[in-house]
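If you're matching them up, the sequences are chains W and R in order. The opening position of the first sequence corresponds to residue 0 in numbering that gives the first Met the number 0, with each subsequent residue numbered one higher. The opening position of the second sequence corresponds to residue 0 in numbering that gives the first Met the number 0, with each subsequent residue numbered one higher. A virtual CB, placed ideally from N, CA and C, is assigned to each residue, including glycine.
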Amino acid sequence: MTPSDTSSGAPMILVVDDFADGRELAVDALTHAGFRVAEAENGIEALEHAQRLAPALILMDLALPGVDGWEVIRRLRADARTREIPVVALTAHALKTQAERAREAGCRGFLTKPCSPRMLVDEVRRIVGSTAR
Amino acid sequence: MRAAVDPSSRPRRSVGRAGKRAGGSARIALIDALSECSDFSESAEVLLAWIGRWAGISRGVVLGPRAGGALSAVATHGIDPADAGGRWAEVADGGLVAAFEATEPGLIELRAGTPSATALGGGRFHAVPLRQPELGAAPALGLLLVAAQEAALPPDIAWAARALTDRLAALEHARLRRAEASGDEVSSRVREATRELARQNEHLRREARALEQASAMKSQFLVNMSHELRTPLNAILGYTELLLDGVGGECTPQQRKRLERVESNGRHLLAIINDLLDIARIEAGKMPLDLETFKIPVLIDEVIAEVEPLVDRGVITLSRELAPDLPAVTTDRRKLKQIVLNLLTNALKFTPAGAVRVEVGPEDGGDRLSIAVCDTGVGMSAEDQRRIFDEFPHFEGTVAGPWTGTGLGLAISRRLAGMLGGEIALASERRKGSTFTLRFPKRLQS
């Protein structure tokens, strides 16, 4: 069960969350599931990583300080280099309107906190279509 | 004050020299003297003294009205005051009362034997009602009686009676003004009290607003707090799950058992936090209604499917009984489902063995529906039934098993039922079972 961050063939997931423990939980779960993982703790960092690393998927907490998740999604969509990267939104608000809004903004998936690592990995696998492990 | 009548001692109050006819200065002297009088009797005395001096009247009396229609002597002239005091206290002889009520002066003859005739010594009298002609039928202020020397009323007496009347009217006005002033005092006190009341009302309004705000803040605090509690709890549950999944290497059976305890307690804590959040949201008015039209049987099936895996079919019969042709309902589906799920979970939790049945039927001619969850479980005493909808009620007879509750389920269900325009009724008997019945309108207006 060695984290497979060295296996260059595995898809890379960018995890964006300002809450370190929550972010590392996702990182651990995804790493354990065989993905390569990059982290960003704010919106600007997320945009930089997205452009530079071209991840297979971005897992994004919508409630970020400063440039929030919605704005990051808008900028990703406006940039040809990042337009096609699927985004899974992560939010603490279990409101139907939030899920709809996320879908309208172009998110491919929507997860509500608290979200178990298993559910998170399942959702990422569903979109990336990887069985990396 | 009686001394004031004496012209020698108080020149200003003098009513002038003796004489047969009162000239201008004598009349001015009467006006002056009257203007210094402060009440009826003083004025009447001044008048009688003036008449005695200027009209040469030997006997006279001024009568004032008394309660009950009687008249009483206010001042006398040429009559022994002691004598008059005793006998004139009150007279209501017909002749005098009629003269008092008359509009014009007249000549009267006091009937012999009456107290007034005895006191005045008999004979004819000029009776002059002290009345203001401009006030028409208003009652006279008094009655002037003077011994008549001739049939015609002497002009000086007529004039003096008028002067006295004016003075009495002025005094009356002054009294009314004073009364008004004290009336003003009363009304100003009333105004002050009204203002005070308004101030207190405003104070209470402000306090009510402050309480409302405090309550809203409390609810907002709970919402925020629940959110803050969930974030770290999410990490605790997440890492526990990762460890159980073998992220840090395969767990020993001992470690696994302990981690599972962390997980189940964490999940229970999460359920409580979620319920608290629900209550806080409802109370803060932050749980909006989300209306949709749907079929009840589908919802019932969903709820049953959710609890099914936890039902031990060997000892529990779980069934549903739906009335035919149930109409589609328009209400908040999620809230309705939450209530039914809660009632059903509760029934299963308190039924160690037996039957649990969900019954759906129309109510009130079809405008409302009832969803009843009946069980043959442990039931409740009347005392417990009163507390069952409270937050965190504790009862005996909780069945060990897969059913965990937060102690907030029924409290939430009751609030949710209220939001749907409905209510939850309970019928229960110890060791026989319980029936919780939700009744709600078929069509909820937003």
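Exclusion of the five residues before and after W/Leu-29 leaves Ile-12 and Val-36 as the residues of its chain whose Cβ lies within less than 6 angstroms of its Cβ. At a cut-off of 8 angstroms, the C-beta of R/Thr-230 has a neighbouring C-beta in chain W. Residue pairing by DSSP places R/Asp-277 opposite no residue, since no beta bridge is assigned to it. In terms of beta-carbon proximity, W/Asp-67 stays away from the interface with chain R, with every pair separated by 8 angstroms or more. The Cβ of W/Asp-20 sits closer than 8 angstroms to at least one Cβ of chain R. Annotated as distal: R/Ala-162 and R/Ile-50, with beta-carbon spacing of 8 angstroms or more.
Contact between R/Gly-421 and R/Phe-435 fails: their C-beta atoms lie close to 12 angstroms from each other, not under 8 angstroms. For the set W/Leu-52, W/Asp-60 and W/Ala-55, the Cα lying nearest the Cα of W/Val-15 is the one of W/Asp-60. At a Cβ-Cβ threshold of 8 angstroms, R/Val-359 and R/Val-372 do not count as neighbours. When C-beta distances to chain R are compared with 7 angstroms, the residues of the region 13 to 43 of chain W below that value are Phe-18, Asp-20, Gly-21, Leu-24, Asp-27, Ala-28 and His-31, in chain order. Distance from R/Ile-78 to R/Ala-126 at the Cβ level is roughly 16 angstroms; contact not present, criterion being Cβ atoms closer than 8 angstroms. Shown here, R/Ser-187 sits in a helix according to DSSP, grouped into three states. In the DSSP annotation of this structure, the continuous segment of the beta strand (DSSP E) that includes R/Leu-70 starts and ends at 70 to 76.
The continuous alpha helix (DSSP H) containing R/Thr-344 extends over residues 332 to 348. Per the C-alpha coordinates, the member of R/Asp-363, R/Arg-386 and R/Gly-353 positioned closest to R/Thr-375 is R/Gly-353. In the structure shown, the three-state DSSP call for R/Glu-422 is strand. In the DSSP assignment, R/Thr-113 falls outside any alpha helix (DSSP H) and carries neither an H nor an E. Going by DSSP, W/Asp-121 is part of the alpha helix (DSSP H) stretching over 116 to 127. Chain R places no beta carbon closer than 8 angstroms to that of W/Arg-76, leaving this residue out of the contacts. Counting other Cβ atoms within 10 Å of its Cβ, R/Asn-345 reaches 16 or more and is therefore classed as buried. DSSP links R/Asp-366 through a beta bridge to no other residue. For R/Gly-63, the pairing in a beta bridge is given by DSSP as R/Ser-71. Across the region 101 to 120 of chain W, CB contacts with chain R closer than 8 angstroms involve Lys-112, Pro-113, Cys-114, Ser-115, Pro-116 and Arg-117, in sequence order along the chain. Beta bridge pairing from DSSP links W/Met-11 with W/Arg-35. Of all alpha-carbon atoms in R/Leu-368, R/Leu-347 and R/Cys-36, the one lying nearest the alpha-carbon of R/Val-302 is that of R/Leu-347. R/Ser-214 counts as exposed, since fewer than 16 other beta carbons sit within 10 angstroms of its beta carbon. Contacts with chain R at 8 angstroms (Cβ-Cβ) include W/Ala-91. Note on the region 294 to 332 of chain R: whole alpha helix (DSSP H) runs with a minimum of 4 residues are 295 to 306, in chain order. For R/Leu-62 against R/Leu-95, the beta-carbon gap comes to about 7 angstroms, under 8 angstroms, which counts as contact. Here DSSP, grouped into helix, strand and coil, assigns R/Leu-129 to strand.
W/Leu-46: member of the alpha helix (DSSP H) spanning 42 to 52, first to last residue. Taking C-beta atoms as the reference points, W/Arg-22 and W/Glu-40 count as a pair closer than 8 angstroms. With at least 16 other beta carbons inside 10 angstroms of its own, W/His-48 counts as buried. Residue pairing by DSSP places W/Thr-30 in no beta bridge whatsoever. Neighbours of R/Ala-234 in chain W, taken as residues at a C-beta separation under 7 angstroms, are given in chain order as Asp-20, Gly-21 and Leu-24. In the DSSP assignment, the residues bridged to W/Ala-88 are W/Met-59 and W/Phe-109.
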